[in-house]
Amino acid sequence: MSQNTFSHIPVPEIIEVDPRVSGVKCDGGNGALGHPAVYYVFDGKPSVTCQYCDREFVKRPV
């Protein structure tokens, strides 16, 4: 019987944000287990993805 070696990979978190914001900060959450704080600007895009933890920040529909 074969096992799916990808079954333990967590699904990245999707966080909805207010459509009026121009940017977001991500620190990975989990306090000391997170990552350095990084800032992302939407710059006209509907979403941005953290390069450390793959969290996706999506603007809520208006």
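Counting from 1, position 55 in the sequence shown corresponds to residue 48 in the numbering used here; the numbering is continuous, with no gaps.
All C-beta atoms in this analysis are idealised placements derived from N, C-alpha and C, irrespective of residue type, glycine included.
All of these numbers come straight from a predicted model, not from anything done at the bench.
Q. Going straight from the alpha carbon of Arg13 to that of Glu6, what length do you get?
A. Taking the straight line from one Cα to the other gives about 21 Å.
Going by DSSP, what residues sit across from Phe35 in a beta bridge? According to DSSP, which records beta bridges pairwise, Phe35 is partnered with nothing at all.
Would you identify the three-state DSSP class for Gly16, choosing helix, strand or coil?
strand
Tell me, to the nearest whole angstrom, how far the beta carbon of Val34 is from that of Gly21; I am working on the premise that it is less than 8 Å. Going by Cβ atoms, the distance from Val34 to Gly21 rounds to 19 Å, so no, they are not a contact pair.
Self-check item: Which residues DSSP lists as bridging Glu6, in chain order
Solution: Its beta-bridge partners do not exist; DSSP assigns none.
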